[in-house]
Amino acid sequence: MSEPPPRTSRAQQRIDTQERILTAARTLFAAVGYDRATIRAVAAAAQVDAGLVMHYFGSKEQLFALATQVETPLVTGETPEEIAEQLLGVLRQSLIEEPIGSLAMLRSMLTHPEAAAEVGNAHAERVKVSKAIPGVDGNLRAAVLSAILIGVVLGRHLIKLEELADADPEEIVELLRPVVQSLTKADQPE
């Protein structure tokens, strides 16, 4: 005779339910964006009542904020070479593992102003590459780098460009290496 499974505490059940709701919300926001995702659809995907979603998260805006909260690795290099390699490493990881929270934010940024602002803030705060990029146009080059990396992740995971979606992440990184390195280095005098 087998033993019954151990009972989980109410606190653990609550944590599990909240995580199930957040997972469903991330997936839905990534699939349809902020505007088209509804609390009822999130609740259905998480197999809970819509009232429970509101009880735990308060509003769609608060649910979105928590569902799209991601831990982006900090880029801490001090030289242009270190910055380039760290950025390529972050990109590699985003190509290997579908970053569902980031994708939810990216899908929503075109129609939801708060998402767009958060994408901009995240890159300004987390990827402080402009301080390590020499030259008067360091900030511009850092912004171009950010746009390139966002575009590659969008193309692979959301737009699903055939060649990009099927490509080996290492091959993509190697194609971008000269671009990233050139944008992180100071302009050479002619």
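Numbering (my numbering), first residue to last: 22 to 211.
Glycine is no exception: its CB is placed at the ideal position from the N, C-alpha and C atoms.
Using 10 angstroms around the beta-carbon of residue i, count the other beta-carbons present and answer buried if the total reaches 16, otherwise exposed.
i: His217; result: Examination of residue 217 is not possible in this model, given that the chain is present from 22 through 211 alone.
i: Ser30; result: exposed
i: Pro199; result: exposed
i: Thr97; result: exposed
i: Thr59; result: exposed
i: Leu196; result: exposed
i: Leu161; result: exposed
i: Gly156; result: exposed
i: Ala51; result: buried
i: Ser203; result: exposed
i: Ala32; result: exposed
i: Ala168; result: exposed
Are the CB atoms of residue i and residue j nearer to each other than 8 Å?
i: Thr38; j: Val63; result: no
i: Val74; j: Ile42; result: yes
i: Ala88; j: Gly122; result: yes
i: Thr100; j: Ala46; result: no
i: Val201; j: Leu131; result: no
i: Leu170; j: Leu127; result: no
i: Ile193; j: Leu124; result: no
i: Val165; j: Pro120; result: no
i: Ser129; j: Ala138; result: no
i: Ala65; j: Thr48; result: no
i: Leu112; j: Val173; result: yes
i: His133; j: Asp56; result: yes
Along the chain, where does the alpha helix (DSSP H) that runs through residue i open and close?
i: Met75; result: Ala71 to Phe78
i: Pro190; result: Pro190 to Thr205
i: Thr44; result: Arg31 to Arg57
i: Leu185; result: Glu183 to Asp187
i: Arg177; result: Looking at the DSSP string, Arg177 is not in any alpha helix (DSSP H), and its letter there is neither H nor E.
i: Ala153; result: Careful: Ala153 lies outside any alpha helix (DSSP H) and carries neither H nor E.
Could you tell me which uninterrupted alpha helix (DSSP H) segments, each at least 4 residues in length, are contained entirely in the stretch 75 to 128, listed from first to last along the chain?
With a minimum length of 4 residues, the continuous alpha helix (DSSP H) runs that stay inside the stretch 75 to 128 are 81 to 88 and 101 to 117.
Whether or not the stretch 65 to 83 and the stretch 103 to 117 are in contact is what I'm after, with contact meaning three or more pairs of Cβ atoms, one per stretch, closer than 8 Å; do they touch?
In short, these stretches do not touch, since the Cβ pair count stays below three.
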